[in-house]
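Using UniProt numbering, the letters of the sequence shown map in sequence onto residues 1 to 269.
Notes follow once the structure below has been shown.
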Amino acid sequence: MTSTIPTAPDTALLPGAEPFSHRGSRVGALLCHGFTGSPHSMRPWAEYLAEAGLSVELPLLPGHGTVWQDMNLTTSDHWFAAVESALFDLAERCDEIHVMGLSMGGALSLRLAREHPDLVSSVVLVNPSLTLEDVRLPCIAPFPRLAARLLPSTPGIGSDVSRPGTGEGGYDRVPTAAAATLPKLWRTVQNGMSGLRAPVLAYRSTQDHVVGPRSLRILARRAVNTRVTIHLLRDSYHVATLDHDAPTIFAGSLAFVREQKRSGEGVDR
1 MTSTIPTAPD TALLPGAEPF SHRGSRVGAL LCHGFTGSPH SMRPWAEYLA
51 EAGLSVELPL LPGHGTVWQD MNLTTSDHWF AAVESALFDL AERCDEIHVM
101 GLSMGGALSL RLAREHPDLV SSVVLVNPSL TLEDVRLPCI APFPRLAARL
151 LPSTPGIGSD VSRPGTGEGG YDRVPTAAAA TLPKLWRTVQ NGMSGLRAPV
201 LAYRSTQDHV VGPRSLRILA RRAVNTRVTI HLLRDSYHVA TLDHDAPTIF
251 AGSLAFVREQ KRSGEGVDR
């Protein structure tokens, strides 16, 4: 484990923030939601894969799914420890595991693939957050607790979904202390990209108000020892897993999983 996972505060969960688990075949899928989000943003994807027969885990990351103040008690190491624990759980009952992440969950997915190449067969990313977008973060990263006391949170973009009436099920504030730990995660992931061996399928929305195109450019440039395939989504915003292009993502990810089985790529366990 990378870090001890904090005990969940005694706070009611937001609607749809409950973790999802399904015991299916010996092919597993681990889904990682994004920063300030919750399993709500990934649940339709998880259910799709479960209906296809896969074993699926979609954990709720520490500090998420309740109130934004809880996130300021957690760091990117806690979030990674949660998905790493879910990976180990799947490994006990699956012969192959495919890790899928949205936004910051994409960074967690890549870190899992780099640190556990014996367990991760492939990676699917949706609008992954892999580098700095907010110029304020380098200023507060060295002093997260001080920054949190002076400015506990900032306004968030909220649900960046083009589909009318669709909410992400996350926070509308950005917890400062938690956000200050993102640069460490990004550095870890970027520094490990050349060591990635699992094939990567990535989706990027052409209209994304949260994450710019630079993240996937960095991945394509640095992940020199694996295959990276990028598809553009032209009818969705950042939370594409709840948007118009969701069926494309779901079907594409399942086909990608099955392709690894046929091609023999990924891990040999």
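Where is the CB? At the ideal position from N, CA and C, for every residue including glycine.
What span of residues does the alpha helix (DSSP H) with residue i cover, start to end?
| i | result |
| --- | --- |
| methionine 193 | Run containing methionine 193: none; DSSP gives neither H nor E here. |
| threonine 176 | 176–179 |
| alanine 220 | 214–222 |
| glutamine 69 | 68–71 |
Measuring alpha carbon to alpha carbon, tell me which of the options ends up nearest residue i.
| i | options | result |
| --- | --- | --- |
| glycine 106 | Arg197, Leu219, Ala46, Asp118 | Leu219 |
| histidine 64 | Gly170, Ser121, Phe256, Asp95 | Gly170 |
| serine 25 | Ile97, Thr74, Ile230, Glu18 | Ile97 |
| phenylalanine 80 | Glu47, Val228, Lys184 | Lys184 |
| arginine 234 | Arg204, Arg214, Thr11 | Arg204 |
| tryptophan 186 | Thr75, Gly16, Leu30, Trp45 | Thr75 |
| glycine 53 | Leu14, Leu60, Thr66, Gly28 | Gly28 |
| residue 286 | Lys261, Met193, His209 | What is shown of the chain runs 1 to 269, which leaves residue 286 out entirely. |
| methionine 100 | Ala198, Pro15, Arg93, Arg145 | Ala198 |
| leucine 216 | Ser85, Leu132, Lys261, Arg145 | Leu132 |
| proline 62 | Glu18, Ile157, Asp245, Gly252 | Glu18 |
| alanine 46 | Glu84, Leu196, Leu102, Pro15 | Leu102 |
| alanine 251 | Ala148, Phe20, Thr11, Leu49 | Leu49 |
| alanine 180 | Ala148, Ile157, Leu196 | Ala148 |
| glutamine 260 | Asp95, Asp172, Ala12 | Asp95 |
| arginine 221 | Leu125, Gln190, Leu182 | Gln190 |
Should residue i go down as buried or exposed, given a rule of 16 or more other Cβ atoms within 10 Å for buried?
| i | result |
| --- | --- |
| histidine 231 | exposed |
| methionine 1 | At methionine 1, the pLDDT of 46 sits below 50, so the modelled position is not reliable and the matter cannot be decided from this model. |
| asparagine 127 | buried |
| glutamine 207 | exposed |
| aspartate 268 | Note that aspartate 268 has pLDDT 45, beneath the 50 cutoff, so the model's placement of it is unreliable and the number below is only indicative. Under this definition aspartate 268 is an exposed residue. |
| isoleucine 249 | buried |
| alanine 178 | buried |
| proline 175 | buried |
| proline 247 | exposed |
| arginine 214 | exposed |
| proline 155 | exposed |
| proline 15 | exposed |
| threonine 11 | exposed |
What does DSSP give as the partner residue(s) for residue i in the beta ladder?
| i | result |
| --- | --- |
| cysteine 94 | None; cysteine 94 has no bridge partner. |
| arginine 234 | In DSSP, arginine 234 forms no bridge with anything. |
| arginine 173 | Pro155 |
| alanine 202 | Leu125, Ile230 |
| glutamate 57 | Ser21, Leu30 |
| glycine 101 | Cys32, Leu125 |
Go to residue i, then tell me how far its beta strand (DSSP E) extends in each direction, as first and last residue.
| i | result |
| --- | --- |
| tyrosine 48 | From DSSP, tyrosine 48 is part of no beta strand (DSSP E) but of the alpha helix (DSSP H) over 43–51. |
| leucine 119 | Looking at the DSSP string, leucine 119 is not in any beta strand (DSSP E), and its letter there is neither H nor E. |
| serine 25 | No beta strand (DSSP E) holds serine 25; DSSP gives it neither H nor E. |
Using only the heavy atoms of the ligand SAH, determine whether one of them is closer than 8 Å to the beta carbon of residue i.
| i | result |
| --- | --- |
| aspartate 70 | Ligands displayed in this structure: none; no statement on the ligand SAH is therefore possible. |
- [ ] Kindly confirm or deny that the region 65–74 and the region 87–97 touch, where touching means at least three C-beta pairs closer than 8 Å.
- [x] By the Cβ rule, the region 65–74 does not count as touching the region 87–97, because fewer than three pairs are nearer than 8 Å.
TODO: Could you tell me whether the region 26–45 touches the region 230–249, where touching means 3 or more Cβ pairs closer than 8 Å?
DONE: Two segments are said to touch when three or more pairs of C-beta atoms, one from each, lie closer than 8 Å; by this definition the region 26–45 touches the region 230–249.
TODO: Could you tell me whether the region 150–162 touches the region 248–259, where touching means 3 or more Cβ pairs closer than 8 Å?
DONE: By the Cβ criterion, the region 150–162 is not in contact with the region 248–259, since fewer than three pairs of Cβ atoms, one from each stretch, lie closer than 8 Å.
Open item on the list: Between the region 108–117 and the region 37–46, can you find at least three pairs of beta-carbon atoms closer than 8 Å?
Closed with: By the Cβ test, the region 37–46 is not in contact with the region 108–117, since fewer than three Cβ pairs between them sit closer than 8 Å.
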